[in-house]
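J.: First, the structure itself, so that you have it in front of you.
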Amino acid sequence: MSAPSSGGASRDGYGKGLLRLASDPRVVVLEADLGKSTKSCHFRAEYPSRSFSMGIAEQNMMLVAAGMAASGKIPFASTFAIFTERAFEQVRNGVARPELTVHICGSHGGIHTGTDGSSAQSIEDLAIYRTIPGMTVIHPSDDLSAEELTVQLLDHKAPSYMRTARNKTPRIYNESSVTELRIGKGALIKEGNDVCILACGVMVNESLVAAGLLSEEGVSASVVDMHTLKPLDTTLIDDCITRCGCLVTAEDHSVIGGLGGAVAEYIATTRSAPLEMVGVADKFGQSGGSSELMNIMGLTANDIVAAAHRSISRK
């Protein structure tokens, strides 16, 4: 495995978050034969009567979850990110259109998944779920933030999609700072005045590394964990533009329709500011170690540094 040895995987945080929600009898957990991978298995082990294994039938799982939501339950349904895409029609018409509160978790998202290869690397899931009216879209950066944001979904009155990662990454937060996170509000985790880097998921850590490299060059960079892509924290983006004058987005996702697309849509209709996007180009992934693929796909701290310089030059 090419994952860092310290920190935790955001999928682990999802599993721990479910256990913290178990005291509410309305919470039910559904899985599509991948509970050990998505970490919903921990809830199943402790609360088998409120856990439902639907087999390899993602479309059915989403509609069962919709029925449970219509009956007063709060369903959390998980599988691999790439397999949630099989159930797009059911999520759209069975969950979101009738405005039912079902919380979907897609694990193993992005190129960072590594050796599973392109067929298993979902680089379009965030874009897909952003298009569904009323859908909240979340991509935490570490295990602690995934746990906290999962817990907050208990009182979130809208359907949601949370993407988690397989591999461990260094923690961005600690037990104290993570409690300040709120769904729909980005987190400013490093302040700077020359350029603002807006990142999500595993790219938040890469952005912090990039900010350190930029600092060595005399460039002051802000770093924002934009864990919620929808609704987007436009107030924070406005603040970043006022303070820094230019932006970079960084995501382990296609540059089409993800975080970069969301920020571009906003600033194109409101405020003018240079924007450079670091993400997966218009291509599929491939099989390899996580670090190797991040290099190949241009998702490293050095790529963020280069994008920051381009953005600054366009002020």
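According to the working numbering, the sequence shown is numbered sequentially starting from 5.
Ideal placement from N, C-alpha and C gives every residue a C-beta, glycine not left out.
#1: Can you list the beta strand (DSSP E) stretches of 3 or more residues lying completely in the segment 7 to 77, in chain order?
#2: Ordered along the chain, which non-local residues of its own chain (more than five positions away) have a Cβ less than 7 Å from that of ALA26?
#3: Rounded to the nearest angstrom, what separates MET65 and LYS172 at their Cα positions?
#4: What whole-angstrom Cβ distance do ILE127 and ILE115 have, given they're in contact under 8 Å?
#5: With respect to the beta strand (DSSP E) encompassing LEU158, which residues constitute its N-terminal and C-terminal limits?
#6: Check this for me: beta carbons of ILE176 and ASP229, under 8 Å apart or not?
#7: Using only the alpha-carbon positions, how far apart do VAL141 and LEU153 sit?
#8: Return the first residue and the last residue of the alpha helix (DSSP H) that ASP307 is part of.
#9: Between LEU217 and the rest of its own chain, which residues show a CB-CB distance below 8 Å, the 5 nearest in sequence each way excluded?
#10: Between the C-alpha atoms of SER238 and TYR270, what's the straight-line distance to the nearest angstrom?
#11: Can you give me the C-alpha to C-alpha distance between LEU212 and SER123, rounded to a whole angstrom?
#12: Could you tell me whether the Cβ of CYS204 comes closer than 8 Å to any Cβ of chain B?
#13: Could you tell me whether the segment 201 to 215 touches the segment 66 to 82, using the rule of 3 or more Cβ pairs below 8 Å?
#14: Under the assumption that SER315 contacts VAL223 (Cβ atoms under 8 Å), give the Cβ distance between them as a whole number of angstroms.
#15: According to the Cβ coordinates, are THR183 and CYS109 closer than 8 Å?
#16: Would you check if the distance between the CB atom of GLY262 and the CB atom of LEU130 is smaller than 8 Å?
#17: Please confirm whether SER14 and PRO144 have their CB atoms less than 8 Å apart.
#18: Here's the rule: buried if 16 or more other CB atoms are within 10 angstroms of the residue's CB, otherwise exposed. What is THR246?
#19: CA-CA distance, ALA61 and ALA36?
#20: Rounded to a whole number of angstroms, what is the C-alpha to C-alpha distance between THR273 and ALA266?
#21: For LYS234, is the classification buried or exposed, using 16 other Cβ atoms within 10 angstroms of its Cβ as the cut-off for buried?
#22: Which term fits LEU303, buried or exposed, when burial requires 16 or more other beta carbons within 10 angstroms of its beta carbon?
#23: How many angstroms separate the CA atom of LYS194 from the CA atom of MET139?
#24: Contact defined as beta carbons within less than 8 Å: I believe CYS248 pairs with SER226. What is the distance between those atoms, to the nearest angstrom?
#25: Within 10 angstroms of the Cβ of GLY59, are there 16 or more other Cβ atoms? Answer buried if so, exposed if not.
#26: Return the bridge partner residues of ALA225 from the DSSP annotation.
#27: Assign GLY19 to buried or exposed, taking buried as 16 or more other Cβ atoms, counted over all protein chains shown, within 10 Å of its Cβ.
#28: Report back the beta-carbon spacing between PRO29 and VAL106 to the nearest angstrom; my notes put them in contact at under 8 Å.
#29: According to the neighbour-count rule (16 or more other Cβ atoms, all chains shown, within 10 Å of its Cβ), is SER317 buried or exposed?
#30: Which residues in the same chain have their Cβ closer than 6 Å to the Cβ of ASN178, if we skip the five residues on either side of it in sequence?
#31: Which of helix, strand or coil does DSSP assign to GLY265?
T.: Here's the rundown:
#1: 31 to 35, 55 to 57
#2: PHE47, GLU50, TYR51
#3: 28 Å
#4: 7 Å
#5: Run containing LEU158: none; DSSP gives neither H nor E here.
#6: yes
#7: 11 Å
#8: 305 to 317
#9: ALA305, ASN306, VAL309
#10: This sequence places Thr at residue 238; Ser is not what is there. Approximately 8 Å between the Cα atoms of the pair.
#11: 30 Å
#12: The structure shown contains no chain B, having only a single protein chain.
#13: no
#14: Wrong, their Cβ atoms sit about 11 Å apart, outside the cutoff.
#15: no
#16: yes
#17: yes
#18: exposed
#19: 6 Å
#20: 11 Å
#21: buried
#22: buried
#23: 29 Å
#24: 6 Å
#25: exposed
#26: VAL199
#27: buried
#28: No, PRO29 and VAL106 are not in contact; Cβ-Cβ is about 17 Å, not under 8 Å.
#29: exposed
#30: none
#31: helix
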